[in-house]
Ligand SMILES: Nc1ncnc2c1ncn2[C@@H]1O[C@H](COP(=O)(O)OP(=O)(O)OP(=O)(O)O)[C@@H](O)[C@H]1O
Ligand SMILES: [Mg+2]
């Protein structure tokens, strides 16, 4: 079996090169992210664990989807060979193990080739981590073989599953039917596939509705995942949708004399499955980038909106770094100043799970916002229960409604907070809504074990400040600088997202190249029947426009419910939270990939 | 259908001058044709015979403009194919030449009717439904217009390929073992279609065949051996054809 597999790999270099490339990239990606996560856990850098962990969720979903679809595309083009083997006497079990052996071979070589450099590629993120304040300066990433093992453990079953699915579709028909049926695709979808598509569609739409029931970050995060479910539904129903669209287009253009267009539509009708494998990665590419930037943008906008409505100061005083106690005194004693509220943010950990079984995971990295001065009249955090005036001295805390979600806690209960080495359990005296703008936990500054310098002063009164080294901002200016600071904090997330998007783009282009070069016999036959090279190029051009157009429509439709939900949950509007510049750039990339990855191999194969 | 310019009647429909064709084969070269010259009268039915590997398919492909010769000239009517660009040859070919291939003839995801219309479609012309029906009927495929190739038998698929070769009313039709995969009865039927239509439209027909009974139906039989013409027979009998083949096979 292994010698068969080896010669199969040697005889079909193009088909295997594509899968090889994608497995290398996937293994590198997962291993690098694994290093970040492991370092976060071992070096006790909770922020790093959180960012890398939340990225891991998305990355695993995407990688599994992409690796599975790449192997499916690579193996499907060889259906003919498998059918022939069946015809000359291979049993279905033999064909299955042959397919498995081939996938195993590609995998055994490609995964280490990708994972080991991936371990070290994680170091490329170190400058970003330090500058974004995610890890302390000088922290070294921990490199162990664990991330490699994790990546393999995830990728191998995925690839095998894809191999099995293809092998099953080859072996479930009789060998002669398989030999003869290869030039065209089976029509229609199986009942199970239809049912799954409907289930995914419905659950995607329901999930997209969560922000309407559960506002805030949690609801939005859940809503954002709906895009993946909808893309998966499209992947399952794709052949039927694409086929129906192409049939309609064929009928409409029967009278057209433009051979290339009509041929392209006839091809799309005949190879709806093939086109779906090309369309889905492109739609995923558009959807992932749009949904993540849309959600991030909404969070930042929502935080800004909360600050803007919540702060009613005449001026906000800040300094590069933080304010010294002398500067705070100077501001407070400036004539004309009626009230001053000093705020500072202190990193802390909050216990999210009463069990200690989870070890480090029961404590979540967060931040306390320390207030000192007159909160009343200067800030309105949207208190829904209790009162901020009870927030005095140690043992009291005000908590955002969101961070209490599903804990069943309220005013009078306690939360466990860890500041450095000291652990306390302050009592909740108020619950409020504007957690995005003001932070999830408010404490009285005197409650902190040691004084913390103020980061900003909210000031009421018609005063002129002539204190050296201070910046005096209006509330709007202050909100703008805070927001751009928050965006910088998201930088690591953005870079990781970019890496993931590039990975999808490579995989999508690779699938298109594989599918196009597999069409050599078909293109050669058309040439013999009388198609010029120009006509074939035009035909493939129309097809790639069809692919790009469908990918754009599908990708947009898949993110629309999520972005409407997120916009509602975060901002209270129903205008979908598109980041139009990102959307435009991704859409242009989709068109570029679809065109280049089909036309170049077409020109090469028809030469 | 709109009138197609019929090339002026000449005394040769196909003229080949000193055709050679070599294929690179690693460091070696395979000489598939080693200087073949030939002139075919308009309206004639010529059969080409010879042992396997003697260069018959190569000869037909080069003569029909599907492949370029290594040296020599190919004229179809008064058009010198060897002087035209690749795309110009393609355009000329799909208007004036019909071709039935030895294998892999049909586009798998197109219906029978769409396969037949393909050359017209590529030429930006509208198919004439009456002519298409006539053709499908005469090759015995009436009522199968909407089937896919995988739903046809081998012989039926080959007859679709013949209908496609004739749909443009070409002046010359080349066929590479059109009856090779068929039983005697179907083979005869297919050949009758080819010959009948050719007579009716005044087409020149060049057929490569292994089957002596096809060859005896031809006006002329030419023999190829090792890439060279090895004589010919005019209106031969089966015995004469078989005798020559046996001789060449030795
Ligand atoms: N693409 C190619 N590359 C190299 N050699 C080739 C190629 N095509 C044909 N040949 C060689 O050229 C010679 C003539 O081949 P051709 O296909 O013309 O034979 P044929 O007479 O049609 O045979 P058959 O009756 O078996 O179809 C053979 O020796 C063959 O091996
Ligand atoms: Mg041959």
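Chains as they are written, first to last, in UniProt numbering: chain P, 1 to 607; chain U, 1 to 250.
All C-beta atoms in this analysis are idealised placements derived from N, C-alpha and C, irrespective of residue type, glycine included.
Can you find a C-beta in chain P that's less than 8 Å from the C-beta of residue 90 of chain U? Against the second chain, residue 90 of chain U aligns to sequence position 90. Output row for residue 90 of chain U: interface = yes.
Between the Cα of residue 240 of chain U and those of U/215, U/226, U/227, spot the shortest distance and give me the residue it belongs to. Residue 240 of chain U sits at position 240 when you count from the first residue of the second chain. When each option's Cα is compared against that of residue 240 of chain U, the closest is U/215.
Name the residues in the region 45-66 of chain U whose C-beta lies less than 8 Å from a C-beta of chain P; which are they? The residues in question are 66.
Straight-line gap, residue 157 of chain U to residue 51 of chain U (C-alpha atoms, nearest Å): Residue mapping note: residue 157 of chain U aligns to position 157 of the second chain, counting from 1. Residue mapping note: residue 51 of chain U aligns to position 51 of the second chain, counting from 1. Rounded to whole angstroms, residue 157 of chain U to residue 51 of chain U spans 25 Å at the Cα level.
Rounded C-beta distance between residue 80 of chain P and residue 8 of chain P? I'm assuming under 8 Å. Taking the first chain and counting its residues from 1, one reaches residue 80 of chain P at position 80. Taking the first chain and counting its residues from 1, one reaches residue 8 of chain P at position 8. Not quite, the Cβ-Cβ distance comes to about 13 Å (not below 8 Å), so this is no contact.
Assuming residue 22 of chain P contacts residue 60 of chain P (C-beta within less than 8 Å), just tell me the rounded distance between them. Counting from 1 along the first chain, the entry for residue 22 of chain P is found at position 22. Counting from 1 along the first chain, the entry for residue 60 of chain P is found at position 60. Their Cβ separation, rounded to whole angstroms, is 15 Å, which puts residue 22 of chain P and residue 60 of chain P out of contact at 8 Å.
Against residue 136 of chain U, what residues of chain P qualify as contacts under a CB-to-CB distance less than 7 Å, listed in chain order? In the second chain, residue 136 of chain U corresponds to position 136, counting from 1. Result: empty, since nearest Cβ-Cβ is about 17 Å, beyond 7 Å.
Count the other C-beta atoms from every protein chain shown that fall within 10 angstroms of the C-beta of residue 185 of chain U, then say buried if there are 16 or more, exposed otherwise. In the second chain, counting from the first residue as 1, residue 185 of chain U sits at position 185. By the beta-carbon neighbour count (other beta carbons within 10 angstroms, threshold 16), residue 185 of chain U is exposed.
Nearest-angstrom Cα separation, counted from residue 72 of chain U out to residue 25 of chain U: Along the second chain, read from residue 1 onward, the residue named residue 25 of chain U stands at position 25. Along the second chain, read from residue 1 onward, the residue named residue 72 of chain U stands at position 72. Looking at the two C-alpha atoms, the distance is approximately 21 Å.
Count the other CB atoms, across all protein chains shown, that sit within 10 Å of the CB of residue 183 of chain P; report buried if there are 16 or more and exposed otherwise. Here residue 183 of chain P refers to the residue found at position 183 when the first chain is read from its first residue. Confidence in residue 183 of chain P is poor, its pLDDT being 48 and thus under 50, which makes the residue's placement unreliable; the coordinate value appears in the next sentence. So residue 183 of chain P counts as buried.
Spell out whether any CB of chain U is found under 8 Å from the CB atom of residue 540 of chain P. Start at 1 with the first residue of the first chain, and residue 540 of chain P comes out as number 540. By this cut-off, residue 540 of chain P is not an interface position.
What are the residues that DSSP puts in a beta bridge with residue 21 of chain U? Here residue 21 of chain U refers to the residue found at position 21 of the second chain. Bridge partners of residue 21 of chain U: U/33.
Starting from residue 114 of chain U, find everything on chain P with Cβ-Cβ shorter than 8 Å and list it in chain order. Reading the second chain from its first residue, position 114 is the one you call residue 114 of chain U. Against chain P, the beta carbon of residue 114 of chain U has neighbours under 8 Å at 266, listed in chain order.
Taking residue 546 of chain P as the query, report the chain U residues whose CB atoms sit under 7 Å from its CB, ordered along the chain. Sequence index remark: in the first chain, residue 546 of chain P carries index 546 (1-based). Correct list: empty, because the minimum Cβ distance to chain U is about 15 Å.
So does residue 211 of chain U have its beta carbon nearer than 7 Å to some heavy atom of ligand 2? By 1-based counting over the second chain, the position of residue 211 of chain U is 211. Because no heavy atom of ligand 2 lies under 7 Å away, the Cβ of residue 211 of chain U does not count as near it: no.
Status (buried if at least 16 other CB within 10 Å, exposed otherwise) for residue 8 of chain U: Position 8 of the second chain, counting from 1, holds the residue named residue 8 of chain U. With a pLDDT of only 48 at residue 8 of chain U, under the threshold of 50, the placement of this residue in the model should not be trusted; the figure read from the coordinates follows. Here residue 8 of chain U is exposed, its C-beta having fewer than 16 other C-beta atoms within 10 Å.
Taking all protein chains shown into account, decide if residue 446 of chain P is buried (16 or more other Cβ within 10 angstroms of its Cβ) or exposed. Sequence index remark: in the first chain, residue 446 of chain P carries index 446 (1-based). By the 10 Å Cβ count, residue 446 of chain P comes out exposed.
As a quick check of your reading: which residues have a C-beta less than 7 Å from at least one non-hydrogen atom of ligand 2, in chain order? Listed along the chain, these residues meet the criterion: U/56, U/57, U/102, U/176, U/177, U/208.
Cβ-based contacts, 8 Å cut-off: residues of the UniProt domain "ABC3 transporter permease C-terminal" (495-604) of chain P near chain U: Hits within the stretch, in order: 521, 522, 525, 526, 527, 528, 529, 530, 531, 532, 533, 534, 535.
Start and end residues, alpha helix (DSSP H) containing residue 43 of chain P: Looking up residue 43 of chain P in the first chain gives position 43. From DSSP, residue 43 of chain P is part of no alpha helix (DSSP H); its letter is neither H nor E.
In chain U, which residues lie with their C-beta within 8 Å of the C-beta of residue 270 of chain P? Working through the first chain from its first residue, we reach residue 270 of chain P at position 270. Ordered by position in chain U, the residues that pass the 8 Å Cβ test against residue 270 of chain P are 108, 109, 110.
Residue nearest to residue 207 of chain U in terms of C-alpha spacing, selected from U/100, U/120, U/127: Against the second chain, residue 207 of chain U aligns to sequence position 207. For the residues U/100, U/120, U/127, the minimum Cα distance to residue 207 of chain U belongs to U/100.
Ligand 1 heavy atoms versus the CB of residue 105 of chain U: any closer than 7 Å? Translated into the one-based positions of the second chain, residue 105 of chain U becomes position 105. No, the Cβ of residue 105 of chain U stays beyond 7 Å of every heavy atom of ligand 1.
Simplified DSSP state of residue 239 of chain P, which is helix, strand or coil: Along the first chain, one-based indexing puts residue 239 of chain P at 239. Here residue 239 of chain P carries a helix assignment [DSSP, helix/strand/coil].
By alpha-carbon positions, which one of P/20, P/239, P/240, P/269 ends up nearest to residue 253 of chain P? In the first chain, the residue the question calls residue 253 of chain P occupies position 253. Closest in alpha carbon position to residue 253 of chain P, among P/20, P/239, P/240, P/269, is P/269.
Let me know if residue 609 of chain P comes out buried or exposed under the rule of 16 or more other beta-carbons within 10 Å of its beta-carbon. Past the boundaries of the shown model lies residue 609 of chain P; chain P is included only from 1 to 607, so the question cannot be answered.
Within the same chain, show all residues whose beta-carbon is closer than 7 Å to that of residue 580 of chain P, passing over the 5 residues directly before and after it, in chain order. As a position in the first chain, residue 580 of chain P is number 580, starting the count at 1. Taken in chain order, the list of residues that qualify is empty.
Can you confirm whether residue 183 of chain P, when its beta carbon is compared against all beta carbons of chain U, has any partner nearer than 8 Å? Along the first chain, read from residue 1 onward, the residue named residue 183 of chain P stands at position 183. For residue 183 of chain P, the predicted model reports a pLDDT of 48, less than 50, meaning its position is unreliable; a value from the coordinates is still stated below. Judged by the 8 Å Cβ criterion, residue 183 of chain P is in contact with chain U.
Option nearest residue 410 of chain P by Cα separation, candidates P/484, P/430, P/392, P/302: Your numbering for residue 410 of chain P matches position 410 in the first chain. Sorting P/484, P/430, P/392, P/302 by C-alpha distance to the C-alpha of residue 410 of chain P places P/430 at the top.
Since residue 368 of chain P and residue 346 of chain P are thought to touch, with beta carbons under 8 Å apart, how far apart are those beta carbons, to the nearest angstrom? Your numbering for residue 368 of chain P matches position 368 in the first chain. Your numbering for residue 346 of chain P matches position 346 in the first chain. That pair is a contact at about 5 Å.
Check the Cβ-Cβ distances between residue 21 of chain P and every residue of chain U, and say whether any is below 8 Å. Numbered from its first residue, the first chain carries residue 21 of chain P at position 21. Judged by the 8 Å Cβ criterion, residue 21 of chain P is not in contact with chain U.
Taking the C-alpha atoms as reference points, what is the distance between residue 18 of chain U and residue 30 of chain U? By one-based count along the second chain, residue 18 of chain U stands at place 18. By one-based count along the second chain, residue 30 of chain U stands at place 30. Near 17 Å, if we compare the C-alpha coordinates of residue 30 of chain U and residue 18 of chain U.
May I have a chain-ordered list of the alpha helix (DSSP H) segments no shorter than 4 residues that lie completely inside the UniProt domain "ABC3 transporter permease C-terminal" (495-604) of chain P? Within the UniProt domain "ABC3 transporter permease C-terminal" (495-604) of chain P, the runs of alpha helix (DSSP H) at least 4 residues long that lie entirely inside it are, in chain order, 520-529, 533-571.
If you measure from the CB of residue 82 of chain P, is any heavy atom of ligand 1 nearer than 7 Å? Taking the first chain and counting its residues from 1, one reaches residue 82 of chain P at position 82. Residue 82 of chain P Cβ: outside cutoff for every heavy atom of ligand 1.
Taking the alpha-carbon positions, what's the residue 532 of chain P to residue 200 of chain P distance? Start at 1 with the first residue of the first chain, and residue 532 of chain P comes out as number 532. Start at 1 with the first residue of the first chain, and residue 200 of chain P comes out as number 200. When rounded, the separation of the alpha-carbon atoms in residue 532 of chain P and residue 200 of chain P is 44 Å.
I want to check one thing, is the minimum distance from the CB of residue 241 of chain U to the heavy atoms of ligand 1 below 7 Å? Position 241 of the second chain, counting from 1, holds the residue named residue 241 of chain U. For residue 241 of chain U, the shortest separation between its Cβ and any heavy atom of ligand 1 does not lie below 7 Å.
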